[in-house]
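Each remark here refers to the structure printed beneath this line.
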């Protein structure tokens, strides 16, 4: 399967099966803005819930936060986004398209082929000019400069300005962290690759506040924990790697930075970053706000600005990663079987209940089992078409188990459970099905 063809098939499946739709499609769509359908919103929520459990619920040293999207404009001056959150922008006079200057290889126009097969024509480019990526809006009834606010381009700043509030309210002590999942917005010049780079996206970020001098030790700990999380998500380990930021890549605030990259059909791309941000952010907000943000350590009597180790993952990017990693095609009895091999914990539908026929009392038994299961896990009921075709439909949306009610069920009270990946089948007592599924999901029966 050609790599680019794989992405085309994934995009087609995502729309057909209700994972992702083009935003405002009835009006021709809005560029690089996407809507999540019934299965997509469930998949993305499962990814976020799994992240939240690992970061907040399973730890005693991390607190949750949900900061507002709109913030005081001075926040973005202090963070450097007003002055420095820019990309170099160029226009091509040949094709009238707009590009990021630092992403345009060899000044070749991506949209205009040359007379040489397989090559592109040279661009006739304007001089680069800086373009701020923040969306600007106005607060209040009159569009005055004094009322300018921005849609946040990241969620981290909401954590920094609430650091003391959370510290006091939770009675935590350093080292401790603050985690947040929330929307962010960037007016990207060259968005693309489906939901990988979009103008509206969701971040899963955790800022861990530590004593200066212990920052690199914590940095390495968080690197190990975050890579393991992606492995536990079911991603193929050989398609994950670390990319260290070199001297020319390292952000001005960072002491060290690594990206977790995944090998997509369009190449190795970042899905999460782990950064040692030192005390840059708290120092800037202390300077611009005039508020002391130092931490007082009672055991030593010292005051210091904590260093920050950041883990930052894109919820949309991780959702795309699990979709891409799960997609496969297999030949079964001369037919192509499309499968989304999700880890059961993040599969949008955990099980499907399938009565073999619509008569002989099978639907009544199936509906009873369906009602019992749906109180515990997301489950789907399907009685349309041949059983093999129904299996294929569930394979295509990643359902781990299909439960078939047949005529034997009426006499021995057992059902057939068919496993998605190996396509093996077992007979299980109908009153044991809920516990059987719960056990494999690692949940209480």
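In the working numbering, the protein residues as written are 139 to 583. Cβ atoms here follow ideal geometry from the backbone N, Cα and C, with glycine treated the same way. Since the structure is predicted, the reported quantities are computational estimates derived from the model, not experimental observations.
Pull the bridge partners of residue i from the DSSP assignment, please.
{"i": "residue 173", "result": "159"}
{"i": "residue 434", "result": "441"}
{"i": "residue 346", "result": "315, 447"}
{"i": "residue 414", "result": "394, 447"}
{"i": "residue 492", "result": "542"}
{"i": "residue 406", "result": "401"}
{"i": "residue 341", "result": "320, 452"}
{"i": "residue 586", "result": "One cannot answer for residue 586 here, as it falls past the ends of the chain, which runs 139 to 583."}
{"i": "residue 275", "result": "287"}
{"i": "residue 330", "result": "335"}
{"i": "residue 263", "result": "230"}
In this structure, does DSSP put residue i in helix, strand or coil?
{"i": "residue 310", "result": "coil"}
{"i": "residue 221", "result": "helix"}
{"i": "residue 589", "result": "Residue 589 lies beyond the stretch modelled for the chain, which goes from 139 to 583, so this question has no answer here."}
{"i": "residue 549", "result": "helix"}
{"i": "residue 270", "result": "strand"}
{"i": "residue 207", "result": "coil"}
{"i": "residue 378", "result": "strand"}
{"i": "residue 462", "result": "helix"}
{"i": "residue 477", "result": "strand"}
{"i": "residue 555", "result": "strand"}
{"i": "residue 335", "result": "strand"}
{"i": "residue 280", "result": "coil"}
{"i": "residue 181", "result": "helix"}
{"i": "residue 429", "result": "coil"}
{"i": "residue 497", "result": "coil"}
{"i": "residue 487", "result": "coil"}
{"i": "residue 303", "result": "helix"}
{"i": "residue 325", "result": "coil"}
{"i": "residue 196", "result": "coil"}
{"i": "residue 168", "result": "coil"}
{"i": "residue 191", "result": "helix"}
{"i": "residue 383", "result": "coil"}
{"i": "residue 373", "result": "coil"}
Please state whether the Cβ-Cβ distance between residue i and residue j is less than 8 Å.
{"i": "residue 207", "j": "residue 289", "result": "yes"}
{"i": "residue 564", "j": "residue 332", "result": "no"}
{"i": "residue 421", "j": "residue 443", "result": "yes"}
{"i": "residue 338", "j": "residue 515", "result": "no"}
{"i": "residue 494", "j": "residue 541", "result": "no"}
{"i": "residue 352", "j": "residue 391", "result": "no"}
{"i": "residue 346", "j": "residue 315", "result": "yes"}
{"i": "residue 299", "j": "residue 213", "result": "yes"}
{"i": "residue 203", "j": "residue 297", "result": "yes"}
{"i": "residue 370", "j": "residue 479", "result": "no"}
{"i": "residue 584", "j": "residue 365", "result": "Residue 584 lies beyond the range of the chain shown here (139 to 583); nothing can be said about it."}
{"i": "residue 456", "j": "residue 466", "result": "no"}
{"i": "residue 192", "j": "residue 367", "result": "yes"}
Which residue comes first and which comes last in the alpha helix (DSSP H) that contains residue i?
{"i": "residue 529", "result": "525-535"}
{"i": "residue 541", "result": "Note, residue 541: premise wrong, no alpha helix (DSSP H); beta strand (DSSP E) at 539-543."}
{"i": "residue 297", "result": "294-299"}
{"i": "residue 577", "result": "571-579"}
{"i": "residue 366", "result": "353-370"}
{"i": "residue 590", "result": "No statement about residue 590 is possible, as the shown extent of the chain runs from 139 to 583 and does not include it."}
Going by DSSP, what residue range makes up the beta strand (DSSP E) through residue i?
{"i": "residue 388", "result": "It is not in any beta strand (DSSP E) - residue 388 carries neither H nor E in the DSSP assignment."}
{"i": "residue 201", "result": "200-202"}
{"i": "residue 519", "result": "517-519"}
Quick one: is the Cβ of residue i within less than 7 Å of any heavy atom of the ligand NAD?
{"i": "residue 524", "result": "The ligand NAD is not among the ligands present in this structure, which contains no ligands whatsoever."}
(Q) Using 8 Å as the cut-off, can you tell me whether the region 177-192 makes contact with the region 481-494, which would need three or more C-beta pairs spanning the two stretches below that distance? (A) Touching, yes.
Q: Specify whether the region 449-457 and the region 408-426 touch according to this definition: at least 3 beta carbon pairs, one from each stretch, less than 8 Å apart.
A: With a cut-off of 8 Å, the region 408-426 and the region 449-457 count as touching, because enough Cβ pairs lie within range.
Q: For the region 494-514 and the region 197-205, state whether three or more C-beta atom pairs, one from each stretch, are separated by less than 8 Å.
A: No contact exists between the region 494-514 and the region 197-205.
Q | Contact the region 313-331 vs the region 288-302: 3+ CB pairs below 8 Å | A | As far as the Cβ criterion goes, the region 313-331 touches the region 288-302, which means the pair count is three or higher.
Q: Check whether the region 359-379 touches the region 392-407, taking contact to mean three or more Cβ pairs, one atom from each stretch, closer than 8 Å.
A: Yes, they touch.
Q: Say whether the region 550-557 touches the region 568-576, bearing in mind that this needs 3 or more beta-carbon pairs closer than 8 Å, one atom from each stretch.
A: Because the criterion of three Cβ pairs below 8 Å is met, the region 550-557 and the region 568-576 touch.
Q: Could you tell me whether the region 207-222 touches the region 512-529, using the rule of 3 or more Cβ pairs below 8 Å?
A: These segments do not touch.
Q. Counting Cβ pairs, one atom from each stretch, are 3 or more of them under 8 Å apart for the region 150-170 and the region 423-430?
A. Too few Cβ pairs lie closer than 8 Å, so no.
Q: Could you tell me whether the region 296-311 touches the region 272-282, using the rule of 3 or more Cβ pairs below 8 Å?
A: With a cut-off of 8 Å, the region 272-282 and the region 296-311 do not count as touching, because too few Cβ pairs lie within range.
Q) Counting pairs of beta carbons, one from the region 523-543 and one from the region 469-484, are three or more of them closer than 8 Å? A) Result yes; three or more Cβ-Cβ pairs closer than 8 Å.
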